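Structure first, then comments.
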Amino acid sequence: MDKKKAWNILKPVLKIAFTMLALWLVYTKVDLAAVRRLWKEANGWWLIPALAAFVICQVITSFRLLYFFRNIGLPLSARSNLRLYLLGMFYNLFLPSGLGGDGYKIIVLKQRYPTTHKEVFSAVFFDRLAGLWGLGFLVSCFSLSLPEVRQYSAWILAAFAGGTLVYYFILRRYFNRVSRHFFATHLLGICTQSLQLATVAFILAALGCRASYWPYFAIFLLSSLASLFPFSIGGLGAREVAIVWGAGIFGLDKDLAVSVSLSFYLITMAMALSAIFILFGRERERSPESSATAADPAGEH
Numbered sequence: 001m002d003k004k005k006a007w008n009i010l011k012p013v014l015k016i017a018f019t020m021l022a023l024w025l026v027y028t029k030v031d032l033a034a035v036r037r038l039w040k041e042a043n044g045w046w047l048i049p050a051l052a053a054f055v056i057c058q059v060i061t062s063f064r065l066l067y068f069f070r071n072i073g074l075p076l077s078a079r080s081n082l083r084l085y086l087l088g089m090f091y092n093l094f095l096p097s098g099l100g101g102d103g104y105k106i107i108v109l110k111q112r113y114p115t116t117h118k119e120v121f122s123a124v125f126f127d128r129l130a131g132l133w134g135l136g137f138l139v140s141c142f143s144l145s146l147p148e149v150r151q152y153s154a155w156i157l158a159a160f161a162g163g164t165l166v167y168y169f170i171l172r173r174y175f176n177r178v179s180r181h182f183f184a185t186h187l188l189g190i191c192t193q194s195l196q197l198a199t200v201a202f203i204l205a206a207l208g209c210r211a212s213y214w215p216y217f218a219i220f221l222l223s224s225l226a227s228l229f230p231f232s233i234g235g236l237g238a239r240e241v242a243i244v245w246g247a248g249i250f251g252l253d254k255d256l257a258v259s260v261s262l263s264f265y266l267i268t269m270a271m272a273l274s275a276i277f278i279l280f281g282r283e284r285e286r287s288p289e290s291s292a293t294a295a296d297p298a299g300e301h
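Residue 155 in this note's numbering sits at position 155 of the sequence shown, with consecutive numbering throughout.
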């Protein structure tokens with residue numbers, strides 16, 4: 001067995017182990033009885049707008065990705081792209097393999113279109129960066145409103161502004177093709193991150209939070225950074241560890257903060273599970289003339 005095959009086997013094992021360890025660390029810091037009580041007494045009606053906000057967020061995120069695919073000349077329809085996006089979510093959450101959702105998208109698009117690995121990878125990568133930029137924008141704004149970090153807000157804003165200028169220059173200078181529609185894609189980055197905060201707000205309302213939502217928004221945004229690192233299954237565990245750490249810094253209710261994080265993860269799972277209909281409907285929907293795209297379960301029909 002070569003090193004690549006061994007790593008492909010070891011990687012999902014390490015992900016599962018890290019996720020379990022992170023969750024164990026979290027649950028040693030929270031009161032499980034209190035978490036269960038929060039969920040038991042939750043107002044489920046608030047979860048309906050929470051789910052709606054999250055669905056809208058993911059649809060807009062898929063359109064942001066579509067901008068980048070079209071920048072490199074891929075003629076995907078919005079419907080085909082959304083199907084591919086949902087399958088990527090499914091791979092990230094339920095199949096902790098070495099492939100991952102982004103890797104799946106790259107393989108499918110390379111099989112279907114005359115494009116290169118470098119082009120598709122750059123589209124997916126810069127889509128992620130647009131979302132990360134939107135996250136950084138909101139974190140910078142929140143630094144102005146939180147007393148615990150307000151003394152550092154000038155430095156945070158200066159770093160974000162300077163980083164944005166460097167980021168824009170590099171994109172336009174070296175990745176001009178993929179960086180078209182820069183302002184549209186990055187405004188969508190702010191929009192999607194804001195919709196995630198709307199989801200969190202509805203979850204907080206469902207769990208009966210009577211304190212200010214702003215500190216919970218701040219630690220959620222910071223925990224989103226932790227979930228970007230591919231050490232756990234779909235960010236589970238990594239986000240919760242960051243949430244507990246942030247709740248300690250801001251003096252927040254750790255039980256409530258972890259309940260919000262886990263509720264958000266369950267909503268994400270519900271959205272990702274919709275890809276099952278795509279997987280099981282593939283054979284029924286595929287027309288005879290589309291056999292050339294047999295490897296693409298997200299193909300247009």
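We put the CB at the ideal spot given by N, CA and C, even for glycine.
Predicted model, so just to flag it, every value in this text is computed and none were measured.
{"Check": "Find the nearest neighbour of residue 54 within the set 199, 226, 278, judged by alpha-carbon distance.", "Outcome": "199"}
{"Check": "DSSP on residue 41, reduced to helix/strand/coil?", "Outcome": "coil"}
{"Check": "Count the other CB atoms within 10 Å of the CB of residue 48; is the residue buried (16 or more) or exposed (fewer)?", "Outcome": "exposed"}
{"Check": "Residue 274 by DSSP, collapsed to three states: which one?", "Outcome": "coil"}
{"Check": "Drop a sphere of 10 angstroms on the beta-carbon of residue 101, count the other beta-carbons inside from all chains shown, and report buried for 16 or more, exposed for fewer.", "Outcome": "buried"}
{"Check": "Which of the three DSSP states, helix, strand or coil, is assigned to residue 137?", "Outcome": "helix"}
{"Check": "Excluding five sequence neighbours on each side, which residues of the same chain lie with their C-beta closer than 6 Å to the C-beta of residue 202?", "Outcome": "46, 49, 50"}
{"Check": "By DSSP, does residue 104 sit in helix, in strand, or in coil?", "Outcome": "helix"}
{"Check": "On a CA-only basis, which of 215, 111, 254, 154 is nearest residue 74? Give me that one, please.", "Outcome": "111"}
{"Check": "Between 222, 173, 259, 165, which lies nearest to residue 208 when the distance is taken from Cα to Cα?", "Outcome": "259"}
{"Check": "Which class does residue 180 belong to by DSSP, given the choice of helix, strand or coil?", "Outcome": "coil"}
{"Check": "Check whether the Cβ atoms of residue 136 and residue 160 sit closer than 7 Å, and answer yes or no.", "Outcome": "yes"}
{"Check": "With H, G and I counted as helix, E and B as strand and the rest as coil, what does DSSP make of residue 354?", "Outcome": "This structure gives no information on residue 354, because the portion of the chain shown stretches from 1 to 301."}
{"Check": "Roughly how far, in whole angstroms, is the beta-carbon of residue 65 from the beta-carbon of residue 85, given that I think they are within contact range, below 8 Å?", "Outcome": "6 Å"}
{"Check": "If you follow the alpha helix (DSSP H) that residue 58 is part of, which residue opens it and which one closes it?", "Outcome": "47-71"}
{"Check": "Below 8 Å on the Cβ atoms is my guess for residue 241 versus residue 226; work out the distance and round it to an integer in Å.", "Outcome": "7 Å"}
{"Check": "Can you look up residue 236 in the DSSP assignment and give me helix, strand or coil?", "Outcome": "coil"}
{"Check": "State buried or exposed for residue 81, treating a residue as buried only when at least 16 other CB atoms are found within 10 Å of its CB.", "Outcome": "buried"}
{"Check": "Would you mind sorting residue 148 into buried or exposed? The rule is 16 or more other CB atoms within 10 Å of its CB.", "Outcome": "exposed"}
{"Check": "On the premise that residue 178 lies in contact with residue 71, defined as a C-beta separation below 8 Å, what is that separation, rounded to the nearest angstrom?", "Outcome": "5 Å"}
{"Check": "With distance defined between alpha-carbon atoms, name the residue in 34, 121, 28, 20 nearest to residue 256.", "Outcome": "34"}
{"Check": "Please report the distance separating the alpha-carbon of residue 204 from that of residue 215.", "Outcome": "12 Å"}
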